[in-house]
Amino acid sequence: MWNNWCLKGLLIVGIFGWSSCLLYGEDSSSYTLIKDRAKIPLLTPTFFERKTLKIRLKNGLEAYLISDPLAAKSGAALSVKVGSWEDPKEYPGIAHFLEHMLFLGTKKYPIESEYSRFISENGGTYNAFTANNATGYLFTINNPAFDQAVDRFVQFFKEPLFNPSGVERELKAIDQEYAKNLENDDFRFLFVRKALQNPEHPNSKFNIGNSETLKNVTRETLISWYQTHYSANLMKLILYSNQPLEKLTQLAVQNFSDIPNLRKIPFSTVLPAFLPANRGKMIYEEPLKNLRSITLLWELPAKFAEMQDGKPEDIVCFILGHEGQKSLLAQLKREKLAEGLRCGGVKSGEKLFEFYLEVDLTQEGLQKINTVILRCFQAIATLAAKGVPEYIFDEVKRSETLNYQYQSREDEFLQLMQHIQWIIHEPLETYPEKSQIITSYQPDLIQEFLSALTPENCEMHVIAPSEETQVPPDQKEKWLGAPFAIRSIPEEVLKEWKDAEPHPAIEAPEPNPFIPHHLGIQNPKVKLQDSAYLPQPTKILDNQKATVYFAPDERYQEPKVYWFFQFRTPEVMMDDPVKIAMADLAVKSVTETLNPLSYTAKLAGLNYTINQEWNGISVTLDGYSENALKLFETILDALKNGQTTKENFNLYKDMLLRQYLNFNCEMPIKQAFEWLKEVLYKSFTMQKQKAAAIQNVTYEQFNAYRKKLFEQVFIEGVLYGNMSLGEAEKCARTVSEQFSGETYLKNERPEVEVIALSNQEGPFYIDCETSSQGNAVILAIESEPFSLTSRAAQQVLMQSMKESFFSTLRTKQQTGYIVSSSAEEIKHHLFNFFAVQSNTHNPRDLLARFELFIEDFLQELKRSELREEQFLAIKSSLLADLQEPPKSLVEMGKVLKWMVTDYQADFQWIDKRIHALQALTYEECLDYANSVLSKKNKRRLGILLKGAQPDGSILDYKPISSVKELKQQSTYTSAEEAL
């Protein structure tokens with residue numbers, strides 16, 4: 014897989030440049046305009062009214078202003094070019110700690126939870142992150158509350174309080190965050206790599222922090238670090254809103270101009286991060302999960318950390334990470350050595366650029382790891398010897414440009430998160446084009462890049478159980494305790510890799526046949542604002558064998574489609590682990606068979622997934638409409654007629670078995686939710702049940718299953734997007750004719766059944782155990798029988814509780830880092846969920862705290878927790894969310910699919926929800942709260958998952974059977990002896 018960091022999401026940008034003579038209501042001396050050199054226009058109609066402006070305030074802060082009249086929410090993001098690389102040696106993790114502390118009150122808004130509560134009550138989201146050389150803060154909120162939110166947000170960068178009690182409590186939150194990563198393999202591998210790096214380079218630092226490294230940090234320490242490092246000239250601001258540019262300019266100037274400018278120079282170092290002693294070495298790392306992989310890791314010359322028009326890392330990864338028939342991965346798969354492959358470049362700092370090539374290994378691949386590495390260097394040699402054909406550059410540029418110009422509207426918070434991470438690395442003048450699009454073909458630069466990818470410059474990280482590598486770990490990483498070993502590579506092996514010749518079966522990919530060239534719109538006359546919120550699809554196929562709905566796109570005017578088909582079959586039954594495991598095998602077999610073709614289509618913006626669903630198999634396809642049917646027909650043929658060799662069957666079986674068993678190493682909260690599903694659904698198959706079932710499945714049994722899989726079938730489908738009625742009917746006929754087996758009648762098809770907890774016998778709790786560190790508790794409280802009014806009241810109530818629950822259980826009581834609550838509707842059953850993962854409190858204690866919180870909340874309901882003005886604000890926010898149309902064509906397709914599969918094709922369902930919420934009164938909401946949350950409602954279920962406990966970390970009471978037993982285990986002393 015080619016991991017192009019710039020294509021993981023698409024930025025939303027303006028299409029106009031602004032001349033320096035334009036002023037926006039503020040005195041021109043308070044800011045200067047930055048010339049906009051980003052000129053490529055967006056062609057998606059939803060962005061035609063969007064405008065942008067780039068300015069530099071008098072204190073040096075640069076701001077990117079986005080005025081979007083169609084924005085459903087507003088938001089702000091600010092990055093400061095300082096991160097964990099500037100942690101002092103005596104306080105590892107202080108940059109991360111300070112990021113946490115900024116949320117806990119400012120001089121103007123001293124109440125700790127005021128910011129988070131304001132954001133939450135106004136339909137918003139907030140977060141922050143600390144990177145090596147930057148720290149980012151961001152939020153989104155309903156449009157009317159934007160100005161007030163900006164005023165609260167900017168105080169972080171002016172007068173944070175650093176309350177002493179908050180320092181002590183938030184240190185526990187840092188420790189909980191650290192503890193949750195102790196058994197996370199990704200973090201463990203990261204810290205092994207840090208441990209092997211140059212101790213003088215800041216990348217080797219322990220950047221998370223914990224109670225040990227930060228125990229001596231005082232309020233004064235934090236203030237000093239903050240005042241030394243947080244400087245306006247290191248900051249970049251993004252304001253995104255439906256407000257006009259004039260108002261956004263005013264907001265930026267009035268709120269952010271007085272952030273102090275220390276004229277600080279961004280931190281940079283020319284020190285090498287990698288140690289020469291570890292280059293050309295094999296590092297064996299012991300995973301907690303059953304994983305097998307080899308990662309080739311290089312530190313490249315510092316010039317590649319700078320923004321390059323030719324993006325050599327993109328071109329090299331496009332070829333090395335390709336998954337087509339002539340790719341490195343395809344050759345490794347033909348030799349049964351690999352399961353997958355990833356390639357990418359990471360800019361870790363101003364002068365540090367790391368490049369990796371990672372291969373997921375089969376068991377045979379692990380045993381023949383030298384051959385796998387040889388193939389990698391043969392692929393590099395092929396690329397170096399033959400060069401990069403110019404059509405590859407043209408194809409990459411065409412794909413990146415199409416994705417940029419035809420990007421879809423996305424969630425505002427995700428947009429800002431993408432902005433805040435990318436804007437750090439690109440000058441604002443050209444932003445965001447250079448982050449998104451390659452601009453020049455530079456074969457010499459590519460050759461220079463390739464020349465650095467040598468065995469002697471490479472760290473080779475093998476991740477696999479030591480029982481399989483036969484290399485026992487003899488070292489432990491300091492902070493997370495990850496075991497590893499370093500071994501020298503024989504000179505003759507290194508020489509073989511160094512002298513690797515091009516491999517005859519590994520070549521650059523052929524031109525991509527799926528790249529679209531005709532991007533016309535089927536119905537271009539409809540104005541976006543004239544379109545209905547939800548289209549009303551028509552049935553284009555309706556009989557005992559199939560029901561297919563179609564709606565043309567009349568809102569987004571994108572040259573794309575969204576197709577969904579579910580094939581319900583008695584061979585996929587959620588209460589039959591063997592059938593579920595074989596369905597997973599069937600899906601795995603088809604996706605692996607299609608991978609060389611589907612990967613090529615994905616690069617051209619055409620995606621598909623095949624999933625095992627409730628009582629069936631589903632196929633989803635979305636992307637550019639031009640070549641959609643061609644890919645879809647290939648998928649259907651492979652799904653219906655595909656075959657698997659015995660050798661591949663064994664490979665896929667091993668992959669799935671390890672996947673099932675690895676679930677035991679997931680975070681406790683994730684395991685607790687699986688136990689919850691096991692209780693809530695009458696029919697459900699857990700991962701451990703699938704693991705037990707798949708071990709006994711034979712090749713012959715699987716082949717027989719594949720033949721029966723679609724013998725009896727009922728098809729449900731949704732076709733939506735840039736297509737005509739005739740094209741939709743042709744597509745539906747293609748599916749119906751391909752899957753023309755025996756009819757799966759309605760009375761034979763099982764429906765999803767959900768528990769109705771007893772109010773007479775409850776409340777209940779279930780004790781569960783895990784070998785993972787930490788505990789997790791989920792409390793599920795079921796509501797009264799479903800009604801649209803109760804659903805509306807549930808959402809308002811749980812939204813009002815969300816921040817209060819988080820603030821109480823996490824910020825004040827410090828029970829855990831992962832704290833959440835939510836209002837869920839599951840097949841017309843209403844559940845209120847409360848959840849915590851903790852490394853410091855036992856499950857019974859947590860459950861008691863949940864109930865105490867609920868009791869206190871109800872007592873303060875009308876006085877402070879849900880006053881009438883709060884009710885109206887939350888109700889208004891929820892209505893805005895419900896009334897907002899899906900942001901893109903694909904998201905609309907998902908909503909239509911959801912209506913068909915979950916709501917019996919009731920396309921008025923959302924309108925009904927809106928009307929119920931509009932009609933909801935304050936008194937009805939209070940009645941709902943008291944009836945559902947009070948102790949009279951015994952429809953309660955606690956999932957109490959107990960994990961492994963580090964010594965002394967939890968005060969855990971031990972049961973004792975009798976007073977006599979306690980006396981036997983105790984000693985008694987007199988007053989004299991006690992002295």
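Per my numbering, numbering through the sequence shown is continuous, rising by one, with the last residue being 992. Here a beta-carbon is modelled for each residue, glycine too, at the ideal position from N, C-alpha and C.
Is it the case that the Cβ atoms of Leu957 and Cys678 are separated by a distance below 8 Å?
no
If you count every other CB in all the chains shown that lies within 10 Å of the CB of Leu35, and 16 or more means buried, which is it?
In this predicted model, Leu35 has a pLDDT of only 39, less than 50, meaning its place in the structure is not dependable enough to derive any value.
What is the DSSP secondary structure of Phe513, counted as helix, strand or coil?
Per the sequence presented here, residue 513 reads as Ala, with Phe not at that position. Reduced to three states, the DSSP call for Ala513 is coil.
Whole-angstrom Cβ separation of Leu333 and Arg388, contact assumed at under 8 Å?
Not a contact, Cβ separation roughly 11 Å.
Across which residues does DSSP place Leu365 in a beta bridge pair?
Gly362
On the DSSP bridge list, what partners appear for Trp311?
Phe368, Cys471
Would you grab the beta carbon distance between Arg952 and Asn772 for me? Rounded to a whole angstrom, and I think it's under 8 Å.
5 Å
Anyone know if the C-beta pair for Val767 and Lys840 falls short of 8 Å?
yes
Pick helix, strand or coil for Ile328, following the three-state DSSP scheme.
helix
Below 8 Å CB to CB, which residues in the same chain sit around Arg232 once its five sequence neighbours on both sides are set aside?
Phe175, Asn176, Pro177, Val180
To the nearest angstrom, report how far apart Phe280 and Ser133 are at their CA atoms.
35 Å
State the start and end residues of the unbroken alpha helix (DSSP H) segment that holds Pro496.
Premise fails: Pro496 lies in the beta strand (DSSP E), 496 to 501, not in any alpha helix (DSSP H).
Would Val329 count as contacting chain D if we go by Cβ distances under 8 Å?
No chain D is part of this structure, which consists of one protein chain only.
Pull the bridge partners of Pro565 from the DSSP assignment, please.
Gly734
Ile973 to Glu838 span [Cα, whole Å]
41 Å
Mark Gly30 as exposed unless 16 or more other C-beta atoms lie within 10 angstroms of its C-beta, in which case mark it buried.
Note that Gly30 has pLDDT 31, beneath the 50 cutoff, so the model's placement of it is unreliable and no number is given.
Going by DSSP in three states, Val710 sits in which element: helix, strand or coil?
coil
Could you tell me which of Val385, Ile154, Ile124 sits nearest to Leu429, measuring between CA atoms?
Ile154
Three-state secondary structure (DSSP) of His109
helix
Does the beta-carbon distance from Glu742 to Ile553 come in below 8 Å?
yes
Since Phe142 is in the beta strand (DSSP E), which residue starts that stretch and which ends it?
138 to 143
Which residues mark the beginning and the end of the beta strand (DSSP E) in which Val767 is found?
Per DSSP, Val767 belongs to no beta strand (DSSP E) and is neither H nor E.
Cut-off 6 Å between Cβ atoms - residues of its own chain near Phe110, not counting five sequence neighbours on either side:
Ile187, Gly222, Leu227
Would you tell me roughly how many angstroms separate the C-alpha atoms of Gly955 and Gln700, rounded to the nearest one?
21 Å
Give me the Cα-Cα distance between Ser501 and Gly400, rounded to the nearest whole angstrom.
32 Å
Which of helix, strand or coil does DSSP assign to Gln210?
strand
What residues match up with Gln850 in a beta bridge as DSSP calls it?
Ala789, Ile831
State buried or exposed for Leu634, treating a residue as buried only when at least 16 other CB atoms are found within 10 Å of its CB.
buried
Would you decide whether Gln917 is buried or exposed? Buried here means 16 or more other CB atoms lie within 10 Å of its CB.
exposed
Counting Cβ pairs closer than 8 Å, one from the stretch 469 to 479 and one from the stretch 289 to 306, do we hit at least three?
yes
For the alpha helix (DSSP H) that contains Trp435, what are its first and last residues?
425 to 435
How about Ile923 and Leu895: do their beta carbons lie closer than 8 Å?
yes
Can you tell me where the beta strand (DSSP E) with Leu70 in it begins and where it stops?
64 to 70
So Glu774 and His842 are supposed to be a Cβ contact under 8 Å. How far apart are they, rounded?
Incorrect: roughly 17 Å between the Cβ atoms, too far for contact.
Proximal residues to Pro456 (C-beta, below 7 Å), its chain only, five neighbours per side dropped:
Gly400, Val401
Do Val372 and Leu396 have their beta-carbon atoms positioned less than 8 Å apart in this structure?
no
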